[in-house]
Amino acid sequence: MGNLIDGKIISEKIKEEVKKEIEFLRSKGIVPKLVSISVGENPASSVYINQQKKNCEKIGIDYEVLNLPENLTEDEICENIEKLNRDENITGIILQLPLPKGIDTRKVQSKISYLKDVEGVNPSNMGWIVYGRPYVGPCTALAVKEIIEYLNIDLYGKEVVMVGHSDIVGKPVALLLVDKFATVTICHIGTYDAGKLEEHVRRAEILIVAVGKANLIPGEWIKEKAIVIDVGINRVGDKIVGDVEFEKAKEKASWITPVPGGVGPVTTSILLRNTVLLAKLQKGV
Ligand code: NAP
């Protein structure tokens with residue numbers, strides 16, 4: 525029976541470190557301030573914004589929301605970002621997604637100064653991951669790395685299978701782990717359509733899944749004693765579940781993240797850590 529990876533414990537550990545850093549910054553008169561840009565109305569992102577605000581304020585980060593009207597052009601959204609980039613009192617910027625239809629998300633994200641890019645989505649911060657020198661990076665990808673480090677797993681030569689190749693999870697996770705000399709296989713829709721997903725998953729010593737499809741990975745596919753990190757978040761009826769068939773997977777894994785309560789809380793804390801790291805970098809501390 526697998527041990528549960530308690531994301532809340534890892535998250536609290538990160539928060540403790542971040543809190544100390546913020547106390548230090550504040551003692552020097554530096555107050556980290558995060559501005560969250562929201563374009564148009566989106567009920568899902570208002571839940572997210574409220575959570576972020578609560579988490580930031582609790583730890584000593586000022587948090588403000590900039591609500592922009594739905595009908596702004598791409599250039600007008602970018603101008604607002606440039607204004608925040610120039611404001612020395614603002615140390616971090618978050619762009620809430622999704623943006624209205626027709627807006628090029630990646631282009632807009634690339635306008636956020638890499639020094640204020642707390643979500644690690646600017647091409648410059650992504651590029652540092654390719655160079656093997658991540659400073660800030662996409663929060664969920666760093667959360668996966670953090671969990672593996674917390675378990676004290678030596679990745680050298682390990683068979684890692686990453687299911688999902690999104691820009692913010694699958695691709696950066698694969699790069700981060702390859703730099704630790706894991707052998708990383710990336711699976712995606714092509715792997716699934718070719719009927720080869722099972723074959724790859726079955727040999728994973730560390731399996732990471734970030735797709736967004738409930739029960740995509742049957743528990744019986746899990747290799748004995750594998751470590752399973754389930755990033756997926758899916759609503760099934762009134763329950764939130766991951767992408768892995770949890771109850772059966774738990775029987776075979778040595779360690780497994782629950783959903784909710786696994787990767788999610790760690791991701792939240794990484795955002796706080798990114799915010800503080802960038803505030804320090806901007807202020808030369
Ligand atoms: P995404 O951008 O939609 O990417 C999903 C990936 O899964 C794509 O690479 C896609 O390939 C691949 N895929 C789709 N169907 C597949 C299949 N049947 N077999 C194998 N691969 C398949 O999603 P994301 O942003 O990475 O998020 C993934 C999941 O993680 C979602 O449930 C999201 O809610 C959750 N999430 C959780 C956290 C957290 O903190 N816990 C944070 C971020 C995201 P193609 O693009 O080729 O179709």
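Residues 525 to 809 (the numbering used here) are what the sequence shown spells out, left to right. We put the CB at the ideal spot given by N, CA and C, even for glycine.
Sequence-ordered residues whose beta carbon comes within less than 5 Å of a heavy atom of the ligand NAP: Thr664, Gly688, His689, Ser690, Val693, His712, Ile713, Tyr716, Ala734, Val735, Gly736, Val755, Gly756, Ile757, Val787, Gly788 and Thr791
Figure out for me which residue from Val760, Glu722 and Ile538 has the closest Cα to the Cα of Thr792. With respect to the C-alpha of Thr792, the residue from Val760, Glu722 and Ile538 having the closest C-alpha is Ile538.
Check whether the Cβ atoms of His689 and His724 lie closer than 8 Å to each other. no
On a CA-only basis, which of Glu594, Pro593 and Asn579 is nearest Tyr587? Give me that one, please. Asn579
Flag this pair as touching only if the stretch 635 to 644 and the stretch 610 to 622 have three or more C-beta atom pairs under 8 Å; answer yes or no. yes
Quick one: Cα of Arg630 to Cα of Met525, how far? Distance between the alpha carbons of Arg630 and Met525: 42 Å.
Ends of the alpha helix (DSSP H) at Ile794? Val787 to Lys807
By alpha-carbon positions, which one of Gly681, Gly644 and Lys804 ends up nearest to Ile692? Ranking the options by Cα distance to Ile692, first place goes to Gly644.
Do you know offhand how far Leu802's Cα is from Pro556's? 9 Å
For Arg715, write down the residues that DSSP places opposite it in a beta bridge. Before going on, a small fix: residue 715 reads as Thr here, not Arg. Its beta-bridge partners do not exist; DSSP assigns none.
So is Phe548 buried or exposed if we call it buried at 16+ other beta carbons inside 10 Å? exposed
Where Leu521 and Gly786 are concerned, what is the direct C-alpha to C-alpha distance, given to the nearest angstrom? Since the displayed the chain opens at 525 and closes at 809, residue 521 lies outside it and no answer follows.
Taking 8 Å as the cut-off, decide whether the C-beta atoms of Glu683 and Ala728 are in contact. Contact flag set, yes.
Given a cut-off of 8 Å, decide if Glu769 and Asn739 are closer than it, judged by their beta-carbon atoms. yes
Return yes when the Cβ of Val735 is within less than 8 Å of the Cβ of Val685, no when it is not. no
Residue ranges of each alpha helix (DSSP H) run of no fewer than 4 residues wholly in the stretch 632 to 708, ordered along the chain? 647 to 654, 663 to 674 and 694 to 702
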